[in-house]
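Below is one structure; the comments refer to it alone.
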Amino acid sequence: MSDPPFDFGLKSFADFWWQAGKAAQQAQEDATRSFTEALKSTIRPAAQADLPVWPGAAVDNAELARASEALAELWKAATELSTGMAKSLAGAGNGLSGAKLDPTVEATFRAMADPRTWLAGAGGMDLVIGAVAQGPQLADLWNAERQQARVMQAWTEMRRRTLEHNAVVMQGWLGAARAFGEEIAGRTKKDGNSPDHKTTLALWAETANRVMLETQRSEPFLQTQAAMIRSGAEFRMAQREMAERWAAQFGFPTRTELDDVHRSLTELRREFRAFRRKHAERGAAPARKSEA
Amino acid sequence: MGEKALSPAEAVSTAAHALADAVSTGSKLLAGTELFSRIRDQDVQIATTPRDVVWRQDKVTLHHFRPLAERHVRIPVLITYGLIGRWTMTDLQDDRSLVRNLLNLGVDLYVVDWGNPSRADRYLTLDDYICSYLDACVTEVARQAGTDRVNLLGVCEGGVFTTAYAALEPERVNTMALTITPIDFHADAVENRPGHGFINIWTRALAPEDVDRLIEANGNLPGEFMGAVFSLMTPIRTMFKYNLDLLDVAGDENRLVNWLRMEKWIADRPDHPGEAAKQWLKELYQQNKLVKNQLELDGRRVDLSRITMPVLNVYAKDDHIIPPATSQALRSVVGAKEYEELALPGGHVGVFVGGKSQKLFAPAVMEFVRKHDGGAA
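Each protein sequence line maps, in turn, to chains A and B.
Whatever position you read off the first sequence (first residue = 1), add 157 for our numbering.
Whatever position you read off the second sequence (first residue = 1), add 39 for our numbering.
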């Protein structure tokens, strides 16, 4: 088990798994931090008079903060739980054989119990929404006016909805972890031995799958996800409006104009196909009859 | 949707045990590392059965497969896949190919490829795809074969296209075979199995205006968006895919390349044209218009009772994307006197790549079309 290539290979997989979750969480943390800092620098006393121009912005920020706090609480609970799970998973390998588990295997188990991978794995929708919705970076927006504020509001709303959805996902994973913990404890109590790593891993996978499938059918999951999708679309539309204002200033074609062209082209093609079909039918009608 | 077609529960269990096995030996990783360094993307080919482009319009292409055996049916079969995913699933690899299996049985075979819709195609509708493009493909296939009618074989969303077309143009369809095709989009509630029919539930949770706004914002329904929804259907499998699944196949070149072929197919996710996506999500998934005979295309009502040609309805017993009841609903709404069902083992993709399904699927289609090949031309 200590053969370097094997060790390297498994470690690579463990790292890959770990990094996926880490990157997702880091991105979220960075986005929230940059938003907060940007907001602080913007709302200077001298600029307070500008605030009424951004209706609802303060309310949205408060909502965002509440959503962040809710997720942070869950995060704390998940981290504590995952620490116990990691011990349980890694310890299970030693249960029957008495042999110490390979460090890389232990690292894999630990990575699987990391709540960051839970959000990265099953909450992938928020990443997709973000990827689809994100055009220009927020840093580019601060010199604009009312339209930029709309983009900011839409971004705030999107982050809030994403956090709310992540909280629901996290609750699901916590439920899975608790169910798993109870099952492991029950089995250990029964015969005095903790299950081996194979059984433990299978149990975790089956428990988590069952609980997460239930979670995904729940109203909170579906509603928060729909809200996240809606807010992602609104953010993108707000970005487009602003980009089109700039494009119009410099004489560049806008998305709306291109859509108009595409609509016209589609309609023309449709008419052309219909015309060609009618023409072909007229020409082919006698031949078709003779074939029958 | 990995190398094997398993139910989510089976997949999870299999994947978990795969890691345990791999951990205990380590040999797979050694072999896998070596294989990974050697395999190139060009080694992973899909849809390799020889074929010729025989017709093209806008981005739509009609392919005619070259025969692999003596033809035993006169009237050709036209395979129609949907706009979610691509037809290449029917010809994934030499030994897991519905296309090859049908050709080897002597079927004259065509397939329509919808191409890669871009933002410029956002205003294409289901009317365009069914009443115009599919109609033109049927015309061309019939012209080439010298027949008035063709046999249609629709798959998933392409099965809905096929169904609607057969209802609108019954005199042009000799037989209709459907595979993993939703007809009653609300019948997921019949069995209500955990992990099954999530797309039905997910879509109904959206407000119609959410769908409109999503398309307005993105132009089309992005392929990666639908990919994320599919991933949600198998939460643990999604987490295990690039570690446990990979570990499971890493030591065996054939299995690894098979696995990579499936990855290649999954990665090839075309965007769904926006207006057609709105119809698909709202009029079908949400309002369930097809089974209610309320769907209208090109101003004509799609009345399923007009489907009077023989029908073969193939579904997968463990299909978590298209639950069997959503397909089986066809029986009670078509006007066909000859209606057959074939329940295949496995899941949505397993119909095409599962060992057991492969032995049953193509022979059943062949038998079906041969039985009705008599005085059709």
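Just so it is clear, CB atoms sit at the ideal spot from N, CA and C, and this is done for glycine as well.
Own chain, CB closer than 6 Å to residue i, minus 5 neighbours either side, in chain order
{"i": "GLU109 (chain B)", "result": "GLY145"}
{"i": "ASN140 (chain B)", "result": "ALA401"}
{"i": "ALA184 (chain B)", "result": "PRO115"}
{"i": "ARG294 (chain B)", "result": "VAL288"}
{"i": "ARG105 (chain B)", "result": "PRO89"}
{"i": "LEU192 (chain B)", "result": "VAL116, ILE118, ALA216"}
{"i": "ALA403 (chain B)", "result": "LEU381"}
{"i": "GLY236 (chain B)", "result": "ASP227, PRO362"}
{"i": "MET315 (chain A)", "result": "SER388, GLY389, PHE392"}
{"i": "ASN155 (chain B)", "result": "PRO309"}
{"i": "ASN190 (chain B)", "result": "ILE114, VAL116, ASN213, THR214, VAL408"}
{"i": "TYR324 (chain B)", "result": "PHE224, THR242"}
{"i": "ARG211 (chain B)", "result": "VAL177, ARG188"}
{"i": "ALA315 (chain B)", "result": "LEU163, THR164, LEU165"}
Residue interval of the beta strand (DSSP E) (run including residue i)
{"i": "THR119 (chain B)", "result": "116–119"}
{"i": "PHE104 (chain B)", "result": "99–104"}
{"i": "GLU380 (chain B)", "result": "378–383"}
{"i": "VAL372 (chain B)", "result": "VAL372 (chain B) -> no beta strand (DSSP E), and no H or E assigned at all."}
{"i": "GLY236 (chain B)", "result": "Run containing GLY236 (chain B): none; DSSP gives neither H nor E here."}
{"i": "LEU131 (chain B)", "result": "130–132"}
{"i": "VAL112 (chain B)", "result": "Element bounds for VAL112 (chain B): n/a, residue is neither H nor E."}
{"i": "TYR149 (chain B)", "result": "148–152"}
Residues of its chain near residue i, where Cβ-Cβ distance is below 7 Å and the 5 sequence neighbours each way are ignored
{"i": "GLU438 (chain A)", "result": "none"}
{"i": "ALA375 (chain B)", "result": "ILE346, THR347, MET348, PRO349, VAL350"}
{"i": "ASP412 (chain B)", "result": "VAL112, ARG113, ILE114"}
{"i": "VAL268 (chain B)", "result": "ILE238, TRP241"}
{"i": "GLU292 (chain B)", "result": "LEU74"}
{"i": "GLY408 (chain A)", "result": "none"}
{"i": "ARG434 (chain A)", "result": "none"}
{"i": "LYS321 (chain B)", "result": "PRO247, VAL250"}
{"i": "GLU230 (chain B)", "result": "PRO362, ALA364"}
Beta-carbon contacts of residue i that lie in its chain and below 8 Å, excluding the five residues immediately before and after
{"i": "TRP304 (chain B)", "result": "ILE85, GLY124, ARG125, THR127, MET128, LEU131"}
{"i": "GLU179 (chain B)", "result": "VAL93, TRP94, LEU101"}
{"i": "GLN318 (chain B)", "result": "THR164, LEU165"}
N- and C-terminal bounds of the alpha helix (DSSP H) containing residue i
{"i": "ASP227 (chain B)", "result": "227–230"}
{"i": "LEU140 (chain B)", "result": "The sequence shown places Asn at residue 140 (chain B), not Leu. That run of the alpha helix (DSSP H) goes 137–143."}
{"i": "VAL408 (chain B)", "result": "394–410"}
{"i": "THR214 (chain B)", "result": "Note, THR214 (chain B): premise wrong, no alpha helix (DSSP H); beta strand (DSSP E) at 212–218."}
{"i": "ALA355 (chain B)", "result": "From DSSP, ALA355 (chain B) is part of no alpha helix (DSSP H) but of the beta strand (DSSP E) over 350–355."}
{"i": "VAL180 (chain B)", "result": "174–184"}
{"i": "VAL92 (chain B)", "result": "Element bounds for VAL92 (chain B): not the alpha helix (DSSP H) but the beta strand (DSSP E), 90–96."}
{"i": "GLY193 (chain B)", "result": "Premise fails: GLY193 (chain B) lies in the beta strand (DSSP E), 189–194, not in any alpha helix (DSSP H)."}
Could you list the residues in the region 248–262 of chain B with a C-beta less than 8 Å from some C-beta on chain A, going in chain order? Under the 8 Å Cβ criterion, the region 248–262 of chain B contributes ASP249, ARG252, LEU253, GLU255, ALA256, ASN257, GLY258, PRO261.
Just list the alpha helix (DSSP H) runs in the region 245–289 of chain B, keeping only unbroken ones of 4 residues or longer that don't cross its boundaries, in chain order. You should have 247–257, 262–271, 274–279, 285–288.
Does the pairing of the region 164–171 of chain B with the region 127–139 of chain B give three or more beta-carbon distances under 8 Å? The way I'd put it, the region 164–171 of chain B doesn't touch the region 127–139 of chain B; fewer than three beta-carbon pairs between them come closer than 8 Å.
Beta strand (DSSP E) runs contained entirely in the region 295–328 of chain B, provided each spans 3 or more residues: Taken in chain order, the region 295–328 of chain B contains no complete beta strand (DSSP E) segment of 3 residues or longer.
Given 8 Å as the limit, is there contact between the region 249–269 of chain B and the region 357–375 of chain A, that is, 3 or more CB pairs closer than that? No, because fewer than three Cβ pairs between the region 249–269 of chain B and the region 357–375 of chain A fall closer than 8 Å, the two stretches do not touch.
Inspect the CB distances between the region 96–111 of chain B and the region 298–314 of chain B and report whether three or more fall short of 8 Å. Contact fails: fewer than three Cβ-Cβ distances are below 8 Å.
Ignoring anything shorter than 4 residues, give me the alpha helix (DSSP H) runs that lie fully in the region 361–419 of chain A, in order along the chain. Considered as a whole, the region 361–419 of chain A harbours 376–407 as its complete alpha helix (DSSP H) runs of no fewer than 4 residues, in chain order.
Going along the chain, which residues of the region 426–443 of chain A sit with their C-beta nearer than 9 Å to a C-beta in chain B? Residues ARG426, ARG427, ARG430, ALA431, ARG433, ARG434, ALA437, GLU438, ALA441.
Is the number of C-beta pairs between the region 206–221 of chain B and the region 322–342 of chain B that are closer than 8 Å three or more? At 8 Å Cβ cutoff, the stretches touch.
Assess contact between the region 352–362 of chain B and the region 389–398 of chain B, defined as three or more Cβ pairs (one per stretch) separated by less than 8 Å. Is contact present? In short, these stretches touch, since the Cβ pair count reaches three.
When you compare the region 217–226 of chain B with the region 361–368 of chain A, are there three or more beta-carbon pairs, one atom per stretch, that lie closer than 8 Å? No: fewer than three Cβ pairs fall under 8 Å.
With three or more C-beta pairs closer than 8 Å as the rule, is the region 196–204 of chain B touching the region 172–184 of chain B? Yes, since at least three Cβ pairs between the region 172–184 of chain B and the region 196–204 of chain B fall closer than 8 Å, the two stretches touch.
Using a Cβ-Cβ cut-off of less than 8 Å, give me the residues of the region 301–331 of chain B that come near chain A, in sequence order. Within the region 301–331 of chain B, not one residue has a Cβ closer than 8 Å to any Cβ of chain A.
Do three or more CB pairs link the region 365–374 of chain A to the region 347–355 of chain A at distances below 8 Å? Contact between the region 365–374 of chain A and the region 347–355 of chain A is not established, with fewer than three Cβ pairs separated by less than 8 Å.
For the region 143–163 of chain B, which residues have a beta carbon sitting closer than 8 Å to at least one beta carbon of chain A? The residues in question are ARG158, ALA159, ASP160, ARG161, TYR162, LEU163.
Three or more C-beta pairs below 8 Å linking the region 306–314 of chain A and the region 390–398 of chain A: The region 306–314 of chain A is in contact with the region 390–398 of chain A.
Proximal residues, the region 71–98 of chain B versus chain A, C-beta separation under 8 Å: Per Cβ criterion, the list reads GLY71, THR72, GLN96, ASP97.
Name the residues in the region 312–332 of chain A whose C-beta lies less than 8 Å from a C-beta of chain B; which are they? Taking 8 Å as the Cβ-Cβ cut-off, the region 312–332 of chain A has no residue approaching chain B.
Within 7 Å of chain A by C-beta, residues of the region 198–214 of chain B in sequence order: From the region 198–214 of chain B, no residue has a Cβ closer than 7 Å to chain A.
What are the residues of the region 219–251 of chain B that lie near chain A, defined by any Cβ-Cβ distance shorter than 8 Å? Listed by position, the residues of the region 219–251 of chain B near chain A (Cβ gap below 8 Å) are PRO233, GLY234, PHE237, ILE240, TRP241, ALA244, LEU245, ALA246, ASP249.
Quick one, which residues of the region 345–370 of chain B are near chain A if we go by CB-CB under 9 Å, in chain order? Contact annotation: in the region 345–370 of chain B, no residue has its CB less than 9 Å from a CB in chain A.
Within 9 Å of chain A by C-beta, residues of the region 117–145 of chain B in sequence order: Answer set for the region 117–145 of chain B: empty.
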